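>
Residue numbers (this note's numbering): -2 to 643.
#1: What is the rounded straight-line gap between the Cα of residue 257 and the Cα of residue 283?
#2: Taking the DSSP output, what are the residues bridged to residue 627?
#3: Please classify residue 497 as buried or exposed, where buried requires at least 16 neighbouring CB atoms within 10 angstroms.
#4: Output the distance between the C-alpha atoms of residue 566 and residue 51, rounded to the nearest integer angstrom.
#5: Can you tell me whether residue 595 is helix, strand or coil according to DSSP?
#6: Give me the DSSP bridge partner(s) of residue 540.
#7: Tell me where the alpha helix (DSSP H) around residue 302 begins and ends.
#8: Could you tell me the distance, in whole angstroms, from the CA atom of residue 568 to the CA atom of residue 593?
#9: Decide if the stretch 298 to 307 is in contact with the stretch 245 to 262; the criterion is three or more beta carbon pairs, one per stretch, under 8 angstroms apart.
#10: Need the endpoints of the alpha helix (DSSP H) that residue 563 sits in, please.
#11: Please name the residue in 103, 214, 490, 179 whose C-alpha comes closest to that of residue 199.
#12: Rounded to whole angstroms, what is the Cα-Cα separation between residue 42 and residue 172?
#13: Should residue 287 be labelled buried (16 or more other beta-carbon atoms within 10 Å of its own) or exposed?
#14: Within this structure, are the beta carbons of residue 222 and residue 240 separated by less than 7 angstroms?
#15: Starting from the C-beta of residue 245, find all residues in its chain whose C-beta is less than 7 angstroms away, skip the five residues before and the five after it, and write them out in chain order.
#16: Let me know the alpha helix (DSSP H) ranges lying completely inside the stretch 44 to 102, each 4 residues or longer, listed in chain order.
#17: How many angstroms separate the CA atom of residue 548 from the CA atom of residue 234?
#18: Can you check the stretch 108 to 188 for any alpha helix (DSSP H) of at least 4 residues that lies completely inside it and give the ranges in chain order?
#19: Does the Cβ-Cβ distance between residue 89 and residue 82 come in under 7 angstroms?
#20: Would the stretch 107 to 117 count as touching the stretch 57 to 74 if we require 3 or more Cβ pairs under 8 angstroms?
#21: Looking at the structure shown, is residue 589 part of a helix, part of a strand, or coil, going by DSSP?
#22: For residue 640, which of helix, strand or coil comes out of DSSP?
#23: Name the two residues that bound the continuous alpha helix (DSSP H) containing residue 190.
#24: Under a Cβ-count criterion, where at least 16 other Cβ atoms within 10 Å of its own Cβ denotes burial, should residue 191 be classed as buried or exposed?
#25: Assign residue 230 to buried or exposed, taking buried as 16 or more other Cβ atoms, counted over all protein chains shown, within 10 Å of its Cβ.
#26: Let's see if you can read the secondary structure: which residues bound the alpha helix (DSSP H) around residue 225?
#27: What residues in its chain sit with their C-beta under 6 angstroms from that of residue 155, if we drop five residues either side in the sequence?
#28: I need the straight-line Cα distance from residue 112 to residue 316, nearest angstrom please.
#29: Measure the beta-carbon distance from residue 274 to residue 304 and round it to whole angstroms, keeping in mind my assumption that it falls under 8 angstroms.
#30: On the premise that residue 638 lies in contact with residue 617, defined as a C-beta separation below 8 angstroms, what is that separation, rounded to the nearest angstrom?
#31: For residue 522, I'd like the list of residues in its chain whose CB is within less than 7 angstroms of its CB, leaving aside the five on either flank, ordered along the chain.
#32: Quick test of your reading: residue 532 and residue 555, contact by CB under 8 angstroms. State the CB separation rounded to the nearest angstrom.
#33: Since residue 187 and residue 206 should fall inside the 8 angstroms C-beta cutoff, what is the C-beta to C-beta distance between them, to a whole number of angstroms?
#34: Since residue 580 and residue 624 should fall inside the 8 angstroms C-beta cutoff, what is the C-beta to C-beta distance between them, to a whole number of angstroms?
#35: Please check the pair residue 559 and residue 524, which I expect to be a contact at CB under 8 angstroms, by giving their CB distance rounded to whole angstroms.
#36: How many Å lie between residue 136 and residue 164 at the Cα?
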């Protein structure tokens, strides 16, 4: 279950009683707008729209919002028009979602360029509704706009909130690595500002991601911290929702005792009746498992009553399905069938409602575009008719000559255009082939250069180290052989030490060529060993995370990833001036991903065309891998390597 977090600034949407709203409405209706200024009248109509929204009379609220828009437009005041559009959208969404979306976007289009504070209200409501209706592409587009808005405003709290919600959108579409990356970014800011609310929100949504990844221990870890913080902050609505989430996780693990414990906590903390239905449905599944059918049936019937009152068709559908399934197991087939029919009816209602909302929204969008297109065509047509009328006499007199002339020009021009096109295509094909050949040659040359450099280094180490030591050992042995004296054991011991040193150097060179950890323990251990040694030696901190990799990978992939990681770490040390690295190695959907992000100066120009970069690309070409760089706000660099397992 997800949590809908309204902006605290929207004071008029929360903590206001029905009777107080009715009193406010009566006072507003008594105002004589003919005696007030247009600006005052705009706010009066917006307030009326707000009060009707609170009372649930959305048609009247929509009407007064439109009235405010009309007055503001006559004033040519974009700020007031944008604010009034917000109230039109607020009521319009309850009438028809496509109407609400349309007016929220109009409000944002006017207020965002002005950097007006009300932009936050419209963006938050629009993104929340898009997410609730599973329109994730639109939700992501406006969440990114929201993040940019709050960053410019230096609003740390809402920046963290926007990052978490962007991560949650990625979570909903199954992009869990990206979701966790956004949560990590939000967490850093929240910790830096010592923002308990922000840290708690990050942990809560991280728990959802790990639950979806079936990493239940991690899900419990973060969810437990979240509910403790919610309780400390007095946010019992959130506390109840995440207790329900924990209960759901235990249900997946078939730990019914713990599931019952947390689902009961969730119900006990539900101050809002509207939020109780899904918790009752989940708790009923626990009682059905214990064969406590009366308790389960009672909870489901109460959930059905609540869902009916609040038109929660998804919950109604799930409640009827759960009841039907339980009755079938109790051999009450006739009752089970009756409830299954109700389940199907509401399931179809939910599906049809969602589809009709989407169709209505896109139809409105299409009609608006078509209307604008028709107006443009009509305008162009009128202009064309006027021009034709002015030129009519001249065109009639010279028509035949111009027809012949233009025909000849068209023929010659077409012929020349074809020739130029064919010539251009040949040139482009030649340039493309030359570029491909040059790229291939660069890759081959980089591999050869890297191999020759490695051979030269090994030769130097053998010559300067092992060969010199063996020459010394040989000399000592000759001296012993030619000596007539009694064998000096001290000299023999010294020779043995030299031989041991030579053997150790041989082992070191062998390990550099093929690290022991990579060969014997696998990629994860080898990378961890390499990062620990190399990065700490250069005073660079790092965080190495592994997701979805438990077994050894094919040796070709392990060696390739290890060498690429070596090269990237060397580039960071040489060029980036970084002090921190975040490294993620993950396996998902038959693909291995290595993501290395540094906080350095972000200079890709020093890497472009280098031997190391060419070597990386050449290695990946052999196993159909992909390599790309991304910049983070003109600072730092993100290197991403993706290799298919198949």
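Even glycine gets a Cβ: it sits at the ideal position worked out from N, Cα and C.
None of these values were measured; they are calculated from a predicted model.
According to the structure data:
#1: Along the chain shown, one-based indexing puts residue 257 at 260. Along the chain shown, one-based indexing puts residue 283 at 286. Distance between the alpha carbons of residue 257 and residue 283 is about 6 angstroms.
#2: On the chain shown, position 630 is the one that residue 627 refers to. BP columns for residue 627 point to 635.
#3: Counting from 1 along the chain shown, the entry for residue 497 is found at position 500. Answer is exposed; the Cβ neighbour count stays below 16.
#4: In the chain shown, counting from the first residue as 1, residue 566 sits at position 569. In the chain shown, counting from the first residue as 1, residue 51 sits at position 54. Looking at the two C-alpha atoms, the distance is approximately 58 angstroms.
#5: Against the chain shown, residue 595 aligns to sequence position 598. Residue state, collapsed to three classes: strand.
#6: Taking the first residue of the chain shown as 1, we reach residue 540 at position 543. Note: residue 540 sits in a beta bridge opposite 579.
#7: Counting from 1 along the chain shown, the entry for residue 302 is found at position 305. Unbroken alpha helix (DSSP H) run through residue 302: 290 to 306.
#8: The residue labelled residue 568 in the question sits at position 571 within the chain shown. The residue labelled residue 593 in the question sits at position 596 within the chain shown. Taking the straight line joining both Cα atoms gives about 12 angstroms.
#9: no
#10: Here residue 563 refers to the residue found at position 566 when the chain shown is read from its first residue. That run of the alpha helix (DSSP H) goes 552 to 568.
#11: Taking the first residue of the chain shown as position 1, residue 199 is located at position 202. It is 179 whose Cα lies nearest to the Cα of residue 199.
#12: As a working mapping, residue 42 is identified with position 45 in the chain shown. As a working mapping, residue 172 is identified with position 175 in the chain shown. About 44 angstroms.
#13: Walking along the chain shown from the start, residue 287 turns up at place 290. Classification of residue 287: exposed, given that the 10 Å Cβ count is below 16.
#14: Locating residue 222 in the chain shown gives position 225, where the first residue counts as 1. Locating residue 240 in the chain shown gives position 243, where the first residue counts as 1. No, these two residues do not count as a Cβ contact at 7 angstroms.
#15: For this step, residue 245 is matched to residue 248 along the chain shown. Answer for residue 245: 279, listed in chain order.
#16: 55 to 71, 75 to 92
#17: Taking the chain shown and counting its residues from 1, the one referred to as residue 548 is at position 551. Taking the chain shown and counting its residues from 1, the one referred to as residue 234 is at position 237. Cα to Cα, residue 548 sits roughly 42 angstroms from residue 234.
#18: 116 to 129, 133 to 149, 153 to 169
#19: As a working mapping, residue 89 is identified with position 92 in the chain shown. As a working mapping, residue 82 is identified with position 85 in the chain shown. Against a cut-off of 7 angstroms, the Cβ pair of residue 82 and residue 89 comes out as no contact.
#20: no
#21: By 1-based counting over the chain shown, the position of residue 589 is 592. DSSP places residue 589 in strand when its eight states are reduced to three.
#22: Here residue 640 corresponds to residue number 643 of the chain shown, with the count starting at 1. Note: residue 640 maps to strand in three-state DSSP.
#23: Here residue 190 corresponds to residue number 193 of the chain shown, with the count starting at 1. Where residue 190 is concerned, there is no enclosing alpha helix (DSSP H), given that its DSSP letter is neither H nor E.
#24: Here residue 191 corresponds to residue number 194 of the chain shown, with the count starting at 1. So residue 191 counts as exposed.
#25: Position 233 of the chain shown holds residue 230. Per the 10 Å Cβ criterion, exposed.
#26: Looking up residue 225 in the chain shown gives position 228. Taken as a continuous stretch (DSSP letters only), the alpha helix (DSSP H) holding residue 225 covers 213 to 230.
#27: One-based indexing of the chain shown puts residue 155 at position 158. The residues are 147.
#28: Numbered from 1 along the chain shown, position 115 holds the residue referred to as residue 112. Numbered from 1 along the chain shown, position 319 holds the residue referred to as residue 316. Looking at the two C-alpha atoms, the distance is approximately 45 angstroms.
#29: Numbered from 1 along the chain shown, position 277 holds the residue referred to as residue 274. Numbered from 1 along the chain shown, position 307 holds the residue referred to as residue 304. Contact flag correct, Cβ pair sits at about 5 angstroms.
#30: Taking the chain shown and counting its residues from 1, one reaches residue 617 at position 620. Taking the chain shown and counting its residues from 1, one reaches residue 638 at position 641. Right, the Cβ-Cβ distance comes to about 7 angstroms (below 8 angstroms), so this counts as a contact.
#31: Residue 522 sits at position 525 when you count from the first residue of the chain shown. Excluding sequence neighbours, residue 522 sits near 514.
#32: Locating residue 532 in the chain shown gives position 535, where the first residue counts as 1. Locating residue 555 in the chain shown gives position 558, where the first residue counts as 1. Not a contact, Cβ separation roughly 20 angstroms.
#33: Within the chain shown, the letter at position 190 stands for residue 187. Within the chain shown, the letter at position 209 stands for residue 206. Not confirmed; about 17 angstroms, so no contact.
#34: Taking the chain shown and counting its residues from 1, the one referred to as residue 580 is at position 583. Taking the chain shown and counting its residues from 1, the one referred to as residue 624 is at position 627. Not confirmed; about 15 angstroms, so no contact.
#35: To locate residue 559, count along the chain shown from 1; it is residue 562. To locate residue 524, count along the chain shown from 1; it is residue 527. Residue 559 to residue 524, Cβ: 7 angstroms. Contact.
#36: Here residue 136 corresponds to residue number 139 of the chain shown, with the count starting at 1. Here residue 164 corresponds to residue number 167 of the chain shown, with the count starting at 1. C-alpha separation (whole angstroms): 11 angstroms.
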